[in-house]
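For reference, the structure is listed below as structure tokens.
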Amino acid sequence: MKIILTKNYEELSKKAAEILAEVVKTKPNGVLGLATGSTPIGTYKELIEIYKKGEIDFSNINTVNLDEYRGIEKSNDQSYDYFMNDNLFSHVNIKKENTDLPDGSNPDADGECARYEAKIESLGGIDIQLLGIGHNGHIGFNEPADHFAPKTHCVKLDQITIDANARFFASAADVPKEAYTMGIGTIMSAKKVLLVATGEDKAEILLQTVKGTVTPAVQSSILQFHHDVTIVGDEKSLSKIMAEYPELISK
Ligand code: PGA
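Position 229 (the sequence shown) corresponds to 246 in the numbering used here; numbering is contiguous.
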């Protein structure tokens, strides 16, 4: 695992965008696995800046996303589809038909999850998967469990996740209770993984991710078994790793 320490959110976002841009440059028909949440927003802003400078071209890039709320239309401004259009797709020359997310409006959970998994396979897999991390170690919406889910599936969201996401809704009661998410197996099949985290409140879970026991109780801990993971964090999110394992940090 490579752990990159950055000074602050702005620097973190620039570094993460550079890593994504490098994949777009070296594989112009590559597959990006994207993420929502607040942390990647700066990464997308910086990626758009790199695009505007003419350094990268999205015309043959495909994207898939980690997850989507179940029971929500794409046009809903709380959908992850809407988020991706708003924060990235509408600002670059990606073809809309080359972007895919689980379809939260499809009530047929098994059918939709199977379609999505097959789609990722038909694209030849994911070249780089961007991840945020939840306070409970969730990646995508893979919540603490007694197993690691191999494939895209339907999940019930943890109360901690509903509460964390309530800030985007009128109230916690409005947050959808279920989602479709890539499985841990789907994420682990990505050729590269790039995890971004900011703030003190992520310091403990990052420490557990990097050095804790590998357990489905902390789903992100499985990343210890992936051969190409880069974590980009700021000083606060990496504070516990810096204190206990300074040798793991590259600057
Ligand atoms: P955040 O979410 O980037 O908004 O903290 C991360 C996540 O829950 O995956």
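All C-beta atoms in this analysis are idealised placements derived from N, C-alpha and C, irrespective of residue type, glycine included.
- For the alpha helix (DSSP H) that Ile58 lies in, which residues bound it at each end? 57-69
- Message: Contact between the region 61-69 and the region 33-52 is defined here as three or more beta-carbon pairs at a separation below 8 angstroms; is this criterion met?
- Response: yes
- the region 223-233 in contact with the region 122-136 per 3-pair CB rule at 8 angstroms: no
- Sequence-distant residues of the same chain with beta carbon closer than 6 angstroms to Glu90, five excluded per side: Ser122
- Item | With 16 other Cβ atoms within 10 Å as the buried cut-off, status of Asn110 | exposed
- Task: Taking 5 angstroms as the limit, tell me which residues put their C-beta closer than that to any heavy atom of the ligand PGA, in chain order.
- Result: Gly54, Ser55, Thr56, Gly149, Gly151
- Query: Helix, strand or coil for Val81 per DSSP?
  - Reply: strand
- In the structure shown, what three-state DSSP assignment does Gln95 receive? coil
- For Lys257, the residue or residues it bridges with in DSSP: Per DSSP, none; premise fails for Lys257.
- Item | For Gly200 and Lys257, the rounded distance between their alpha carbons | 28 angstroms
- Could you tell me whether the region 185-197 touches the region 210-229, using the rule of 3 or more Cβ pairs below 8 angstroms? no
- Message: Here's a check: name, in chain order, each residue in its chain whose Cβ is nearer than 8 angstroms to the Cβ of Lys19, leaving out the five neighbours to either side.
- Response: Val246, Thr247, Ile248, Ser267
- Does DSSP put Asn159 in a helix, in a strand, or in coil? strand
- Within 10 angstroms of its Cβ, does Ala196 collect 16 or more other Cβ (buried), or is it exposed? buried
- Message: Which same chain residues end up closer than 7 angstroms to Ala189 when comparing Cβ atoms and leaving out the 5 residues on each side of it in sequence?
- Response: Ile179, Asp180, Ala183
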